[in-house]
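Trainee:
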Amino acid sequence: MEHQDCIRVLVLANQKGGVGKTTTAINLGTALAAIGETVLIVDLDPQGNASTGLGIDPSKRKVSTYDVLTGQKTLAAAIQSTVVPRLYIVPSTMDLLGLELSIADHVDRSFKLKHALAVFANDNKSRSDKITYVLIDCPPSLNLLTINGLAASDSVLVPLQCEFFALEGLSQLLSTVEHVKRSLNPALTIHGVVLTMFDGRNNLASQVVADVRSFLGKKVYETIIPRNVRVSEAPSYGKPVLLYDLKCTGSQAYLKLASEVIQRERELRAA
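Heads up, the sequence shown is in the working numbering, so the first residue is -13 and it goes up one at a time.
Below, the structure is given as structure tokens:
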């Protein structure tokens, strides 16, 4: 991939809603920035929760991912700084709901984001704070937006809620990843599965953890994100939980996850 050498692109995907995808994008991005990486979040969800959760008011989203994917603006023109040092975002707007219609007849419709990132790789060389990680936050469905995210990425990071139907949704996502790998992005890999919203008082949650680990083995990160009220409260203040309450269990878990992601990256590069 053209941008692979200098920027690592991870897509957060799961067609199920409410699994902690956006929460993980915001807080993993913040944790990576806190340990020295420079991170860009690309918000591909029309609801724009990642943008809101990082304090970007809807009135300030003059250039959005819609403008980038329709080719009206470059990725560099759409980047905004956030409340977190070294963490940037390309915000989304409800315009994304109309993207499929806007580009339906384009032969390269699945590669719009990949092209935009390839162009940005050149701009990135001249930035004083070069982006080292791009995290793509996808909508909770397997539509053209998610396909663009998967086609543009090096690896997939799957947030998975510790609940009864978790594995059912996971197998559907894995088959989509395989399909994208065969048809659009042969280099795509599964970076890892992160278990979210874990409640230690719930026997079922522990059973789900055991089942997912036996099914996917080392692909599951060691770090488990607990169900934590501070994590739920933080977005309403336009802040990641690490800025809202650094000491809470949720913040500490995301810092551990960031270290694990970096470690896994080193292993992938060495392989």
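For every residue, glycine included, the Cβ atom is placed at its ideal position computed from N, Cα and C.
(1) In whole angstroms, give me the CA-to-CA distance for Lys2 and Pro126.
(2) At a cut of 8 Å, does the region 211 to 229 reach the region 157 to 175 through at least three beta carbon pairs?
(3) Write down the C-beta distance between Val70 and Pro221 rounded to the nearest angstrom, noting that I regard them as a contact closer than 8 Å.
(4) Please work out which residues of its chain come closer than 7 Å, Cβ to Cβ, to Ala191, disregarding the five sequence neighbours upstream and downstream, and give them in chain order.
(5) Using a Cβ distance threshold of 8 Å, determine whether the region 28 to 40 contacts the region 3 to 12, with at least three qualifying pairs required.
(6) Mark Gly6 as exposed unless 16 or more other C-beta atoms lie within 10 angstroms of its C-beta, in which case mark it buried.
(7) Checking 8 Å against the spacing of the C-beta atoms, do Tyr119 and Val180 come in under that value?
(8) What is the residue span of the alpha helix (DSSP H) that Thr16 lies within?
(9) Measure how close the beta-carbons of Val49 and Ala102 come, nearest whole angstrom, since I'm counting them as under 8 Å.
(10) What is the rounded straight-line gap between the Cα of Ala138 and the Cα of Ala104?
(11) Glu251 to His92, Cα distance in whole Å?
(12) Which full runs of the alpha helix (DSSP H) of 4+ residues lie inside the region 105 to 140, going along the chain?
(13) Since Thr162 is in the beta strand (DSSP E), which residue starts that stretch and which ends it?
(14) Arg47 to Lys100, Cα distance in whole Å?
(15) In three-state terms, what does DSSP make of Asn44?
(16) Among Leu61, Thr16 and Val76, which residue has its Cα nearest to the Cα of Ile42?
(17) Quick check on Gln66: does DSSP put it in helix, strand or coil?
(18) Name the one or two DSSP bridge partners that Gly178 has.
(19) Thinking just about the alpha-carbon of each residue, which of Leu121, Ser37 and Gly155 is nearest to the one in Ser141?
(20) What did DSSP end up calling Leu87 once you bin it into helix, strand or coil?
(21) Return the Cβ separation of Thr209 and Leu153 in integer angstroms, given the expectation that the two are a contact with Cβ distance under 8 Å.
(22) Just to confirm the assignment, what range does the alpha helix (DSSP H) spanning Val49 have?
(23) Roughly how many angstroms lie between the CA atoms of Leu229 and Ile21, to the nearest whole one?
(24) Under a Cβ-count criterion, where at least 16 other Cβ atoms within 10 Å of its own Cβ denotes burial, should Gln(-10) be classed as buried or exposed?
(25) Are the CB atoms of Leu146 and Thr182 within a distance shorter than 8 Å?
(26) In this structure, what does DSSP give as the bridge partners for Arg(-6)?
Mentor: Reading off the structure:
(1) Going by C-alpha positions, Lys2 is about 5 Å away from Pro126.
(2) No, because fewer than three Cβ pairs between the region 211 to 229 and the region 157 to 175 fall closer than 8 Å, the two stretches do not touch.
(3) Between Pro221 and Val70 the Cβ distance is about 13 Å, and since that is not below 8 Å, they are no contact.
(4) Shown here for Ala191: same chain residues with a beta carbon closer than 7 Å to its own, the five before and five after excluded, namely Cys148, Phe184 and Asp185 in chain order.
(5) Flag = yes, the region 28 to 40 and the region 3 to 12 touch.
(6) By the neighbour-count rule (16 or more Cβ atoms within 10 Å), Gly6 is buried.
(7) No, Cβ-Cβ distance for Tyr119 and Val180 is not below 8 Å.
(8) Thr16 -> alpha helix (DSSP H) spans Lys7 to Ala20.
(9) The distance from the Cβ of Val49 to that of Ala102 is about 12 Å, inconsistent with a contact at the 8 Å cut-off.
(10) Take the alpha-carbon of Ala138 and the one of Ala104: they are about 9 Å apart.
(11) If you take the alpha carbons of Glu251 and His92, they lie about 34 Å apart.
(12) Qualifying alpha helix (DSSP H) stretches, in chain order: 130 to 138.
(13) Note, Thr162: premise wrong, no beta strand (DSSP E); alpha helix (DSSP H) at Ala152 to Ser169.
(14) If you draw a straight line from the Cα of Arg47 to the Cα of Lys100, it is about 22 Å long.
(15) It is Pro, not Asn, that sits at residue 44 in the sequence shown. Here Pro44 sits in helix by DSSP.
(16) For the options Leu61, Thr16 and Val76, the alpha carbon positioned closest to that of Ile42 is the one of Val76.
(17) Correct three-state label for Gln66: strand.
(18) In DSSP, Gly178 forms a bridge with Leu143.
(19) Checking every option, the nearest Cα to that of Ser141 belongs to Leu121.
(20) Three-state DSSP puts Leu87 in a helix.
(21) That pair is no contact at about 19 Å.
(22) Val49 -> no alpha helix (DSSP H), and no H or E assigned at all.
(23) Distance from the CA atom of Leu229 to the CA atom of Ile21, rounded to whole angstroms, is 14 Å.
(24) Because Gln(-10) sits at a pLDDT of 41, beneath the cut-off of 50, its placement in the model cannot be relied upon, and the following sentence gives the value as read from the coordinates. Exposed, because fewer than 16 other Cβ atoms sit within 10 Å of the Cβ of Gln(-10).
(25) Pairing Thr182 with Leu146 gives a Cβ-Cβ distance under 8 Å.
(26) According to DSSP, which records beta bridges pairwise, Arg(-6) is partnered with Tyr119.
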